[in-house]
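Numbering (the UniProt record's numbering), first residue to last: 1 to 541.
Every residue gets a Cβ at the ideal spot worked out from N, C-alpha and C, and that includes glycine.
Here's what the structure looks like:
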């Protein structure tokens, strides 16, 4: 039976059981399948491409094509916005930190091995290490990494590598001298058997002494041990290349360890956040007063305690000291009370941060009262035990304010005690921290011309003649006494202090040379004029 129907103007003819209908149906299905294949292919390709896009985007900015940066992403809106913004910028180059090339090794015939045991505090040892490098270089010997003093008053067990970057020390000088961490095994056995020579060299000697007297001993014994190193090389009359090598060791090769350097940067950053700062090298610790015999402002009990300490240390030769006469000659460190008057007279702003680079101040809060009253922002990094109403404990920094003041506690701190734990019983490491802060200060004021004062002064000259106030202690004592007695008014006192120190600010000058009196002439490390950048600025002082 056949039939006809019209749907939407299209005629469909159907017939019951007709062969033509059986043939027509398969052809329609085939056509449908052939039309679906391109759509399936397109859909599959789209999925694959989108997967690739997401993978490339996930790889990140370095490897993904820049055009993809503006495409939609499944990340959150802020992340997508950041990615779109980054797409408009030029890609940042990845920094490549390359180590500085090592200088070529200097090849020379080795005349033997030089061992040295430094004596004194950190900065006395620092200068001595520079001298020993120079001596080893010009004697063509192998230097063993110097041993630091562990037996002096400070009783610091630190090794060289605990304070200085020993690897940098060795490699940075390889074009001048061979330096080893320790003796070779064969030579070490000889030393253990006592087959070496030990002696202190003569103070303030020139290179000819070491060539004519010391070198023959090294050749004879193969190993020479110098058991004292302070001031063993002259200040003046040395070849220019000798002086320049001293500077190179001091300013380039003697870097502190990365831990000390990082902590130093942190302290400096904390200080800088609060404005300019002055470093006061306040040499008013117990050992300095006992050694010098200076007791100005001390009670009778304190003076007796200082005397007992002086007699307890046999290497402090001078025992009977007239404190009054010594102070009048300007040979005593200024007291906290005296330096407070001087800073005020020099118009140092009351709001200036005063960083104390020193150990425990003898007399504590009582002696610091005048200074902290004049300058409330007195700060330091020392870790100490303090007493609060009879209860002893460690200062802990709890407040967001980074400073404690002497008005509240005996010492202030810029850091948590945990930051300074590895400095405990390591005074040389703490001195290294103070050294770094002193170099970077806006003003450096030493109250006594000890080793740190001198070495920092010279380093600051090398850094561009940074302001260092070199105090005339003899005149200051005279003026302070007149002012305190009421015979001089403040305006006159202040005017005289300013005029006296107008040309004592660490500017360029020539070292004084006093033949046959090396202790009284200009100290090389306080004024290394041969190494300063502007020799034409030198003036006769």
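First through last residue of the beta strand (DSSP E) which encompasses residue i
{"i": "residue 353", "result": "353-356"}
{"i": "residue 141", "result": "Run containing residue 141: none; DSSP gives neither H nor E here."}
{"i": "residue 485", "result": "Careful: residue 485 lies outside any beta strand (DSSP E), inside the alpha helix (DSSP H) at 473-485."}
{"i": "residue 439", "result": "Looking at the DSSP string, residue 439 is not in any beta strand (DSSP E); the run it does join, the alpha helix (DSSP H), is 427-440."}
{"i": "residue 279", "result": "277-281"}
{"i": "residue 443", "result": "443-446"}
{"i": "residue 452", "result": "Unbroken run through residue 452 is the alpha helix (DSSP H), 451-462; no beta strand (DSSP E)."}
{"i": "residue 309", "result": "From DSSP, residue 309 is part of no beta strand (DSSP E) but of the alpha helix (DSSP H) over 300-312."}
{"i": "residue 224", "result": "223-226"}
Assigned secondary structure, residue i (DSSP; H/G/I helix, E/B strand, else coil)
{"i": "residue 523", "result": "coil"}
{"i": "residue 291", "result": "helix"}
{"i": "residue 116", "result": "strand"}
{"i": "residue 492", "result": "helix"}
{"i": "residue 215", "result": "helix"}
{"i": "residue 166", "result": "helix"}
{"i": "residue 238", "result": "coil"}
{"i": "residue 233", "result": "strand"}
{"i": "residue 361", "result": "strand"}
{"i": "residue 468", "result": "strand"}
Proximity winner among the options, relative to residue i (alpha-carbon distances)
{"i": "residue 469", "options": "441, 289, 363, 315", "result": "441"}
{"i": "residue 329", "options": "478, 205, 342, 198", "result": "478"}
{"i": "residue 209", "options": "199, 226, 233", "result": "233"}
{"i": "residue 271", "options": "199, 344, 377", "result": "377"}
{"i": "residue 230", "options": "245, 126, 215, 284", "result": "126"}
{"i": "residue 500", "options": "471, 117, 514", "result": "471"}
{"i": "residue 337", "options": "283, 179, 215, 140", "result": "283"}
{"i": "residue 347", "options": "161, 180, 131, 495", "result": "495"}
{"i": "residue 333", "options": "170, 307, 286", "result": "286"}
{"i": "residue 450", "options": "139, 349, 199, 123", "result": "123"}
{"i": "residue 297", "options": "327, 280, 170", "result": "327"}
{"i": "residue 132", "options": "49, 248, 260", "result": "248"}
{"i": "residue 292", "options": "324, 349, 128, 140", "result": "324"}
Residue i to residue j span [Cα, whole Å]
{"i": "residue 288", "j": "residue 475", "result": "21 angstroms"}
{"i": "residue 222", "j": "residue 112", "result": "5 angstroms"}
{"i": "residue 235", "j": "residue 315", "result": "24 angstroms"}
{"i": "residue 224", "j": "residue 114", "result": "5 angstroms"}
{"i": "residue 456", "j": "residue 435", "result": "7 angstroms"}
{"i": "residue 172", "j": "residue 276", "result": "34 angstroms"}
{"i": "residue 491", "j": "residue 341", "result": "12 angstroms"}
{"i": "residue 100", "j": "residue 253", "result": "13 angstroms"}
{"i": "residue 192", "j": "residue 354", "result": "50 angstroms"}
{"i": "residue 245", "j": "residue 134", "result": "7 angstroms"}
{"i": "residue 302", "j": "residue 294", "result": "11 angstroms"}
{"i": "residue 227", "j": "residue 220", "result": "18 angstroms"}
{"i": "residue 180", "j": "residue 166", "result": "10 angstroms"}
{"i": "residue 373", "j": "residue 365", "result": "11 angstroms"}
{"i": "residue 544", "j": "residue 242", "result": "The requested residue 544 is not part of the displayed model; the chain covers only 1 to 541."}
{"i": "residue 262", "j": "residue 439", "result": "15 angstroms"}
{"i": "residue 532", "j": "residue 239", "result": "16 angstroms"}
Neighbour-count burial assignment, residue i, 16 or more Cβ in a 10 Å radius
{"i": "residue 510", "result": "exposed"}
{"i": "residue 107", "result": "exposed"}
{"i": "residue 429", "result": "buried"}
{"i": "residue 466", "result": "buried"}
{"i": "residue 527", "result": "buried"}
{"i": "residue 299", "result": "exposed"}
{"i": "residue 203", "result": "exposed"}
{"i": "residue 515", "result": "exposed"}
{"i": "residue 250", "result": "buried"}
{"i": "residue 175", "result": "exposed"}
{"i": "residue 483", "result": "buried"}
{"i": "residue 394", "result": "Only weak support exists for where residue 394 lies, its pLDDT of 32 falling under 50; the value from the coordinates is given anyway. When all chains shown are included, residue 394 counts as exposed."}
Extent of the continuous alpha helix (DSSP H) run through residue i
{"i": "residue 267", "result": "258-272"}
{"i": "residue 373", "result": "364-374"}
{"i": "residue 323", "result": "323-328"}
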